[in-house]
Amino acid sequence: MNYVEIGTTTDGQKLFGRVDDDGLMRVTCIESDPQYQAWLNPTDTLVSNSSTPQAGN
Amino acid sequence: MSVIRHPSTGTAVTVKQWRYTATGGETTLSGTDGFGLSLSYTVGAEEVYINGVLLVRGTDYTASTGTSITGLTALVAGDVATVMSANSFNVANAIAASTVTAKGDLIVANGASSVSNLAVGADGTTLVANSSSSTGVAWAGPISAAGKNRVINGDMSVWQRGTSFSYPTGTLNTYFADRWTSSNGSGSTFTLSQQATSDTTNLPFIRYCARVQRNSGQTSSSNINVAQSLETATSIPLAGKTITVSFYARAGSNYSGSANGLGVYLSYGTGTDQNILTGFTGQTNPIATTATLTTTWQRFSYTTSLPSTATQVSILYSFTPTGTAGSNDYYDFTGTQIEIGSIATPFQTATGTVQGELAACQRYYYRNTSTGGYARLGTGQVTTGTIVNGYVKFPVTLRAKPTALEQSGTASNYAVLNAGGTTNACSSVPAYDNATVEGASVNFTVSSGLTIGNASSFMDNNTTSAYLGWSAEL
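Which chain is which? The protein sequence lines are P and Z, in order.
Here the first sequence is numbered in the numbering used here, starting from 48 and rising by one per residue.
Here the second sequence is numbered in the numbering used here, starting from 1043 and rising by one per residue.
Here's what the structure looks like:
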C-alpha cells in the first residue's frame, strides 16, 4: 500500500490516492485523513504478535 | 390455669400453673400438684419458681421431658414450687415461611386475607399486573428497550462493505461488519465473513453471526483480534456504573484456540473517540478473561464496574491460534451486548429495529452500492470538459466529516451521463472533492465530450462492482 499525490480538490486542498498492493487506487483523500496520517506516521500503528494479547494490541 | 385470648381472633393461649408444697428433700418435681393438675409443660417455655424466685434453666434445674423437673437443690419442707408453662401457639395472621419454596419466590395476594406463592420469573422478565392471573400479577417480557445495548450491530446483521473479506498478514484496524474492526500482526492470513447462525434450537432469535477464520494451512500463532469501540458520547453514560457484557459464540470443528479458549477484553480509556486497535489513552482492561468455546452456541457474560473517569469503552475478542490451521479453524460470534446492570438481560440490538440499526451504522459509515444496469448514484454538474462534480446526500448525519472517498478502484466501473442521454465511461476513479457531515461532492473524470454547465448524472457502468463509500469511523 502506498499513497501518491494526484491533484487538488475544488477548494485547493492536496488530493492523495491510496494505491493498494494490487495496483488499484480504491481510496482518495485529503491530507487530514486519519488513515493517510497513520501511513505518514507508522509509529502510531500497533498490532501485537504477543501470545498474551492485550486489548488494543 | 390462666387463659389469654387474642383480642381480634379469639385464638387461645393457655398458661398452666403447677403448684406444689414440698415435704423436704425433693430434687425432682413431677406428678399431680395440690390442685389435681398433672405437671406438663412445653420444653423451653417453662418457668420454675421456688418460693417466688425464678430459677435459671440449665443451671438450677433441668427440664427436658415435658413432664418432670430434675436437678433441683433439695427442697426444704414448706417450700412452694411453681411451674408455669404456656402452650405453643401461632401469632395471629402470620404468614408461614413455608409459603415460599425457592429463591426469588414472592408472596402475593390471591384474594381478601389470602396469599399464595408466586414462583420467581425467568431472567430478564418483569412483574406486571395481569387481571386474568389468580394473583393479579404475572411475569412478562423481557421488555424491549431501545438503547439498552450500547453495541451497534451486535447481531452482525449490517455489512455495508461486503460480507466476506480475506485479509493478508499485517492487517490493522480494518473494518468488516459495520462498526466492527479487525487486526492481525505479521501472522496468518484470515477471513472474516457473515454467516447464518443456523441453529433453531440454541440460538433461534439471532439471524447472523460473524465468522473469524484462520485460513487453512496457516501456521502463525499471532492473535487475530476483532473489536468494537464505542464513541465517547456513548461511553460516558456508562462511567461510574456496573456494566455487563454478553455475547454468543461457538467454535468450528478445527478451532485451534488453546483449550478452545477465546480471549475477551472489556476495556476503557480516558481519551476521546479513539479506537482500541490503535490504542486508548489510559487503557485499562477490567475484564480480561477467556471463554471456553464448544461447537454449540453458548452465551457468555461478564460483569464489571467502570470508574467515573471512563470516557471510552470497547469490547475485543482475541483468537490466538495454535498449530496448523485445518479447514474449519474458526469461531463464530454474535449477540454482543454491553448494558448497565449486573446481569445479562436477553439480547436486543441497540435500536431495536432493522431500519434503526442500519441508520445507527450509517452514522459511522455510508456506502452507496450500485445494483447494476447503469443505476444512478447521484447527480451533478459538468465543471470542465472532462469532469462532472457530483453530490451525494448522506441518509443520516455522520459522526464526523469524511476526509476520504472509497470506490472500487476501477475507473471503468463508473460512468457519467452526457447531454442527449448517452453514457460516458470514466477514465479515472471517482475522487474525493469535499464533504460535510450531511453529504459529499465527488469528481468523475472522463476523457472528453462534456459541455461545461450541463447537468449530469453519475452511475455504474453496467456493473454491480461500483460503489461510493465514506467513513466517519473511530
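Idealized CB from N, CA, C, for every residue including glycine.
Being a predicted model, the structure only gives us computed values, none of them experimental.
Residue-level contact by beta carbon fails for T1323 of chain Z and chain P, as no gap is shorter than 7 Å. Annotation: Cβ neighbours of N1431 of chain Z in chain P (cutoff 8 Å, chain order): T57.
Between Y1474 of chain Z and chain P, the shortest Cβ-Cβ separation is below 7 Å. Under the three-state reduction of DSSP output, G1377 of chain Z falls in the strand class.
Within the region 1277-1325 of chain Z, complete beta strand (DSSP E) segments of at least 3 residues are found at 1284-1293 and 1303-1311, given in chain order. With respect to the 7 Å criterion, V1471 of chain Z and V1430 of chain Z are not classified as neighbours on the basis of their beta carbons.
Apart from sequence neighbours up to five positions away, the residues of its chain that approach Y1344 of chain Z with a beta-carbon distance below 8 Å are T1286, V1287, S1288, V1306, L1308, I1329 and T1331, ordered along the chain. In this structure the region 1458-1468 of chain Z does not touch the region 1440-1449 of chain Z; the number of beta carbon pairs closer than 8 Å is below three.
For Q84 of chain P, the enclosing alpha helix (DSSP H) covers residues P81 to L87. Taken atom to atom, the span from the alpha-carbon of L1214 of chain Z to that of N1317 of chain Z is near 11 Å. Apart from the 5 residues on each side of it in sequence, V1396 of chain Z sits with its Cβ closer than 8 Å to the Cβ of S1199 in its chain, given in chain order.
Here DSSP, grouped into helix, strand and coil, assigns C1468 of chain Z to coil.
With a threshold of 7 Å between beta carbons, M48 of chain P makes no contact with chain Z.
The Cβ atoms of R1192 of chain Z and L1319 of chain Z do not sit closer than 7 Å to each other. Each residue's CA atom was taken as its position, placing A1473 of chain Z and S1350 of chain Z some 44 Å apart.
Of all residues in the region 1345-1361 of chain Z, those with a C-beta nearer than 8 Å to a C-beta of chain P are S1356, L1358 and S1360, reading in chain order.
Taking each of Z:S1298, Z:R1292 and Z:S1356 in turn and checking the Cα distance to T1312 of chain Z, the smallest one comes out for Z:S1356.
If the five residues before and after S1360 of chain Z are omitted, its C-beta is found closer than 6 Å to the C-beta atoms of N1265, N1267 and G1305, all from its own chain and listed in chain order. Annotation note: the region 1344-1409 of chain Z contains the following uninterrupted beta strand (DSSP E) runs of length 3 or greater, listed N- to C-terminal: 1354-1361 and 1372-1382. Secondary structure at N1431 of chain Z: strand, using DSSP grouped into helix, strand and coil. Only buried fits N1503 of chain Z, as 16 or more other CB atoms lie within 10 angstroms of its CB.
A contact is defined here as three or more CB-CB pairs under 8 Å, and the region 1362-1370 of chain Z meets this definition with respect to the region 1244-1264 of chain Z. By the rule that beta-carbons nearer than 7 Å mark a contact, E1273 of chain Z does not touch chain P. Nearest to N1410 of chain Z by alpha-carbon distance, out of Z:A1386, Z:T1393, Z:M1501 and Z:L1348, is Z:M1501. Counting along the chain, the unbroken beta strand (DSSP E) around A1128 of chain Z starts and ends at V1122 to A1128.
Per DSSP, W1181 of chain Z is one residue of the beta strand (DSSP E) stretching across V1179 to A1182. Contact between I1248 of chain Z and Y1290 of chain Z holds: CB atoms are separated by about 7 Å, below the 8 Å threshold. Between V74 of chain P and chain Z, the shortest Cβ-Cβ separation is below 7 Å. Taking the beta carbon of L71 of chain P as reference, the chain Z residues within 7 Å of it are G1451 and T1452, listed in sequence order. Residue pairing by DSSP places Q60 of chain P opposite no residue, since no beta bridge is assigned to it.
In this chain, the beta strand (DSSP E) harbouring A1171 of chain Z covers T1168 to A1171. Taking all protein chains shown into account, K61 of chain P has fewer than 16 neighbouring C-beta atoms within 10 Å of its C-beta and is therefore exposed.
The region 1154-1162 of chain Z and the region 1112-1126 of chain Z do not touch, with fewer than three beta-carbon pairs separated by less than 8 Å. Apart from sequence neighbours up to five positions away, the residues of its chain that approach M1126 of chain Z with a beta-carbon distance below 6 Å are Q1059 and E1089, ordered along the chain. A buried status is given to A1482 of chain Z, since no fewer than 16 other beta-carbon atoms sit within 10 Å of its beta-carbon. With a threshold of 7 Å between beta carbons, L1234 of chain Z makes no contact with chain P.
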